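Report on one structure; see the data block that follows.
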Amino acid sequence: MAIVQAPSALCPLAADDLRPLADLVYERLVGAIVDGVLMPGARLSERGLAAALGISAQPVREALRRLEGEGMVETRPRSGSVVATLDNDKLVEMGRIRAVLEGAAADLAARHATEDDLRRLEQRLTAMREATQLGDATALRLANEAFHSTLHAISDNPFLIRGLQALRAYDHIGRARVLATDDQPRLALSEHADILAAIMARDPEAAERRMRAHTLRSLAVAFPEETRT
């Protein structure tokens, strides 16, 4: 089993980023797992990660707990925290459930979004567009996640939000696979624009339908073999 003490790919956090340290560590670890820097089964040493990132162990501990709750990290006897091993069939099951929940979130957003909410979604879409134009895969993944997280918050349904949070492992891995495909970023951008247009038109049925179709199409791109049947 690989042991991560001070992975060179996890360089120190930027001193000028004023967001909570636990959020920054979480974001960095998600990227490392999705990009294959931290492989399934890799042991995650709190001290090693803290040293690599140039911070104390506490925010690392908080980030690992969050990742464990999302299924991307697991705790094993005598090993501590390790990167979880998720087979493709399990990820596809999660993706199909996510399509239903994301559709429901879009439906609720179309019904309840305020003008401020719509502006926030437009800002998230603009960030996606800029990242797509720059060809910045990491920025696009983060902007995409921000669009969906904002949509979830607008739905204002705690049960739905908890269900979506439980599927974040698929969310991170599936999204990274899709956006790494050459033609997918622009197609995903177009689909998100269509979803937002339905929300702004206060058309919950169209918003739900477009979001569900987008999520299922993305699932088929990320896992073509497992979704053929």
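Quick note: the sequence shown, position 172, residue 174 per my numbering, numbers continuous. Idealized CB from N, CA, C, for every residue including glycine. Quick caveat, the model's predicted, so the values are computed rather than measured.
Between residue i and residue j, how many whole angstroms is the CB-CB distance? I'm expecting something under 8 angstroms.
i: A111; j: S58; result: Not a contact, Cβ separation roughly 38 angstroms.
i: E210; j: A139; result: With 8 angstroms as the limit, E210 and A139 do not qualify as a contact, their Cβ atoms being about 28 angstroms apart.
i: H174; j: V39; result: Wrong, their Cβ atoms sit about 13 angstroms apart, outside the cutoff.
i: P42; j: V75; result: 10 angstroms between Cβ atoms; not a contact.
i: Y28; j: R63; result: About 11 angstroms separates the two Cβ atoms, so there is no contact after all.
i: V94; j: E228; result: 5 angstroms
i: L191; j: R131; result: 6 angstroms
i: L26; j: L46; result: At roughly 16 angstroms, the Cβ-Cβ gap does not stay under 8 angstroms, so L26 and L46 are not in contact.
i: L142; j: A133; result: 4 angstroms
Are there 16 or more other CB atoms within 10 angstroms of the CB of residue i, so buried, or fewer, so exposed?
i: L149; result: First, the residue type needs correcting, since residue 149 is Phe and not Leu in the sequence shown. Classification for F149: buried.
i: M96; result: buried
i: A54; result: buried
i: P61; result: buried
i: L51; result: buried
i: G137; result: exposed
i: G71; result: exposed
i: D118; result: exposed
i: G176; result: buried
i: S83; result: buried
i: T116; result: exposed
i: S81; result: exposed
i: F225; result: buried
i: L20; result: exposed
i: R230; result: exposed
i: R212; result: buried
i: D22; result: Reading off the sequence shown, one finds Pro at residue 22, where the question assumed Asp. Looking at its Cβ environment, which holds fewer than 16 other Cβ atoms inside 10 Å, P22 is exposed.
Please name the residue in the options whose C-alpha comes closest to that of residue i.
i: G56; options: D89, A17, A34, R78; result: A17
i: R121; options: N146, L15, L20, L153; result: L153
i: C237; options: L169, L136, L66, R30; result: For residue 237 there is no data in the structure shown, the boundaries of the chain being 3 and 231.
i: E147; options: I99, R212, E104, A44; result: E104
i: G73; options: K92, R230, P206; result: K92
i: A195; options: A24, A108, T87, E48; result: A108
i: R214; options: I197, R204, P22, T183; result: I197
i: A2; options: R113, P22, G33; result: The structure shown does not extend to residue 2, since the chain is modelled only from 3 to 231, so the question has no answer here.
i: L144; options: R126, R49, H216; result: R126
i: L169; options: H216, L88, A182, A133; result: L88
i: L218; options: E207, V180, A155, D185; result: V180
i: Q186; options: A155, A101, R78, V223; result: V223
i: S220; options: G33, V32, A178; result: A178
i: V102; options: I163, A141, A182; result: I163
i: R78; options: A44, I99, T128; result: A44
i: L123; options: A199, P206, L15; result: A199
i: D184; options: F161, L166, Q135; result: Q135
Let's see if you can read the secondary structure: which residues bound the beta strand (DSSP E) around residue i?
i: S2; result: Outside the displayed range of the chain (3 to 231) lies residue 2, so it cannot be described from this structure.
Could you spell out the range, first to last residue, of the alpha helix (DSSP H) harbouring residue i?
i: E76; result: Unbroken run through E76 is the beta strand (DSSP E), 75–78; no alpha helix (DSSP H).
i: A203; result: Note, A203: premise wrong, no alpha helix (DSSP H); not H, not E.
i: E48; result: 48–55
i: R230; result: No alpha helix (DSSP H) holds R230; DSSP gives it neither H nor E.
i: A59; result: 59–71
i: A44; result: Taken as a continuous stretch (DSSP letters only), A44 belongs to no alpha helix (DSSP H), as it is neither H nor E.
i: E93; result: For the sequence presented, residue 93 should be read as Leu rather than Glu. Start and end: 90–114.
* **Contained alpha helix (DSSP H) runs [length at least 4] in the region 7–42, N- to C-terminal order** => For the region 7–42, the full-length alpha helix (DSSP H) segments reaching 4 residues or more read 23–36 along the chain.
* Ignoring anything shorter than 4 residues or poking outside the region 126–207, list the alpha helix (DSSP H) runs there in chain order. => Entirely contained in the region 126–207, the alpha helix (DSSP H) runs reaching 4 residues are, in chain order, 139–157, 160–167, 170–181, 186–202.
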